[in-house]
Each structure stands twice: as structure tokens, then as C-alpha cells.
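Peer 1: UniProt numbering puts the first residue of the sequence shown at 1, with every later residue one more than the last.
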Amino acid sequence: MSPQDQIAQFKQLKHTITRFMMVYKFALDEMETKIEILKEEFHLLHDYNPIEHTKSRLKSPESIMNKLFRKNLEVSLPSIKNNIRDIAGLRITCSFISDIYKICDMLTRQSDLTILEIKDYIKNPKPNGYQSLHMLIEVPVFMSDRVEKVCIEVQIRTIAMDFWASLEHKIFYKYNEAVPERLLQELKSAAESATALDRQMERLHVEMGEIKENQVL
Ligand code: GTP
Ligand code: MG
1 MSPQDQIAQF KQLKHTITRF MMVYKFALDE METKIEILKE EFHLLHDYNP IEHTKSRLKS
61 PESIMNKLFR KNLEVSLPSI KNNIRDIAGL RITCSFISDI YKICDMLTRQ SDLTILEIKD
121 YIKNPKPNGY QSLHMLIEVP VFMSDRVEKV CIEVQIRTIA MDFWASLEHK IFYKYNEAVP
181 ERLLQELKSA AESATALDRQ MERLHVEMGE IKENQVL
């Protein structure tokens with residue numbers, strides 16, 4: 001192949017990858033708008049904010065490739081689309097545990113979304129103590145010439161769960177995945193403290209709601 005042909009082929013490949021990734025960005029944009037709408041409406045109806053903040057991220061081409069190799073998957077765009085379901089990720093941080101399930105229900109009821117999977121690591125925490133509600137959601141993205149169905153990984157958690165997960169993530173990487181037993185124990189115990197705090201905050205929140213209701217009556 002001549003150098004010119006190689007350059008043309010490279011440009012074509014770059015264009016194809018950019019176009020492929022763009023659809024995931026659009027899907028995230030759509031989901032973020034949906035969450036913003038729920039947040040504003042909820043605030044208006046209930047006078048408090050169930051969502052503290054949201055954060056979205058697109059997996060880098062490098063970590064997509066790493067995951068393909070790690071899982072021994074074919075290196076092709078269809079294989080990436082079918083097998084890697086966390087290219088687009090959205091993390092929603094809530095004030096209270098009950099808000100997590102409210103948001104999950106509200107998203108489940110939206111007729112344009114297809115819920116592919118729900119993993120409830122709050123009812124069933126991971127052995128290390130990790131808690132969060134994970135949803136895999138298929139979002140339709142309307143392009144100029146087609147509709148693409150795009151999978152997004154949505155993680156919904158409380159502030160305490162998020163605090164724990166970000167520290168655990170840092171420790172995990174610092175020790176290159178071989179975390180000393182003592183730290184693992186401490187992390188587990190910190191996760192239990194986070195759960196206790198979440199439950200206490202939930203009780204206070206319910207009590208506050210009841211006081212407010214009585215004031216209205
Ligand atoms: P992957 O193929 O690695 O994405 O795992 P999976 O398909 O079994 O997904 P799972 O729902 O278990 O986890 C997906 C994502 O949740 C991860 O990429 C992390 O962002 C988060 N997560 C899961 N487990 C942990 C954990 O133990 N600690 C932290 N900090 N995050 C976690
Ligand atoms: Mg993942």
C-alpha cells in the first residue's frame with residue numbers, strides 16, 4: 001500500500017471511530033437532559049432536590065481496547081457495540097436511599113428507554129462493601145439518516161456511597177489491585193458506617209416530611 005493510501009485509510013478509520021463515539025456522547029446528552037428535567041420538576045413538586053449532582057464520562061478508546069483484550073473479545077466496532085456496555089456512563093448522586101429508587105422508577109417508566117438490566121448492589125452489596133444501583137439503559141438516538149440504540153451504564157448512589165467508592169477506587173489503584181488485608185477490613189467497616197449514616201439520614205428525612213405534612217394540615 002502506498003503512503004498516500006495508508007494516510008487515506010487512517011483518516012477513514014479515524015472518521016469511523018469519531019462517528020461511532022459521537023453517538024454515545026449524544027445518548028449521554030439525552031440522558032443528562034432527562035435527569036435535569038426530573039430534577040427541576042421534583043424540586044418544584046416536593047420542594048427538595050433528590051439529585052445532588054450528576055457526572056458523565058465516555059470511556060477512552062484506550063480503555064475500550066484494554067477491556068476488549070482483557071475479556072478476549074474480537075477487535076471490531078460491532079464487537080465493541082455488543083460487548084462493552086459501559087462506554088457511556090452516567091453517575092447520579094442522591095441525598096437519600098429512597099431517592100435512588102424513585103429515580104430508578106422514573107427512568108423505568110419512560111417509554112423511550114429500554115431497561116436492559118438492573119443490578120442492586122444496595123440490597124446486595126459487593127463482598128468488599130461496594131453499594132450502588134446500576135442500570136443498563138438503551139437510549140434511542142435520532143441521527144440524520146438512522147436511529148441508533150445506545151447502551152448507557154447509569155450508577156445511582158448516595159453521597160456516602162459515592163465517598164466510599166471513590167476512596168476505595170483510589171486505594172485499589174494505588175496498591176495495583178493487591179490491597180493489604182488490614183485496609184480491606186477497614187474499607188468494609190467504613191462501608192458499614194456509610195450504610196448506618198445513610199439509614200439515619202433517611203429516618204431524619206422521613207421525620208422531617210411528617211412534620212411538614214402536619215404543619216400543612
Ligand atoms: P465490568 O465489566 O468491569 O464493567 O463489570 P460488570 O459488567 O460486572 O459491572 P458492575 O456493574 O459490577 O460494575 C461496573 C462499574 O461499577 C465499574 O466500572 C465501577 O465504576 C463500579 N464498581 C463496581 N464495583 C466496584 C467496586 O468494588 N468499587 C468501586 N469503587 N467501584 C465499583
Ligand atoms: Mg465497567
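Glycine included, every Cβ here is placed at the ideal spot set by N, Cα and C.
Report all residues from its chain with a CB closer than 6 Å to the CB of Thr-108; omit the five preceding and five following residues, and keep chain order.
Peer 2: Excluding sequence neighbours, Thr-108 sits near Ile-115.
Peer 1: Would Met-135 and Lys-119 qualify as a contact pair, given that the criterion is a beta-carbon distance under 9 Å?
Peer 2: Yes, the Cβ-Cβ distance between Met-135 and Lys-119 is below 9 Å.
Peer 1: Roughly how many angstroms lie between the CA atoms of Arg-15 and Glu-62, to the nearest whole one?
Peer 2: Just to set this straight, residue 15 is His in the shown sequence, not Arg. Cα to Cα, His-15 sits roughly 17 Å from Glu-62.
Peer 1: Shortest alpha-carbon distance to Tyr-48 belongs to which of Leu-58, Leu-13, Asp-99 and Leu-184?
Peer 2: Cα-wise, what sits closest to Tyr-48 is Asp-99.
Peer 1: Measure the beta-carbon distance from Phe-96 to Glu-202 and round it to whole angstroms, keeping in mind my assumption that it falls under 8 Å.
Peer 2: About 5 Å; that satisfies the 8 Å criterion.
Peer 1: Going by the CB atoms, is the gap between Val-154 and Ala-27 shorter than 9 Å?
Peer 2: No; because the gap between Cβ atoms is not below 9 Å, this pair is not in contact.
Peer 1: Are Leu-73 and Lys-67 closer than 9 Å when you measure CB to CB?
Peer 2: The answer is yes: Cβ separation under 9 Å.
Peer 1: What I want to know is whether the C-beta of Tyr-175 ends up closer than 8 Å to one or more non-hydrogen atoms of ligand 1.
Peer 2: No, Cβ of Tyr-175 sits at least 8 Å from all heavy atoms of ligand 1.
Peer 1: Can you check DSSP and say which residues form a bridge with Cys-94?
Peer 2: For Cys-94, which the question treats as bridged, DSSP gives the partners Ile-51 and Thr-158.
Peer 1: How far does the alpha helix (DSSP H) with Lys-11 in it reach, from first residue to last?
Peer 2: Counting along the chain, the alpha helix (DSSP H) containing Lys-11 begins and ends at 3-46.
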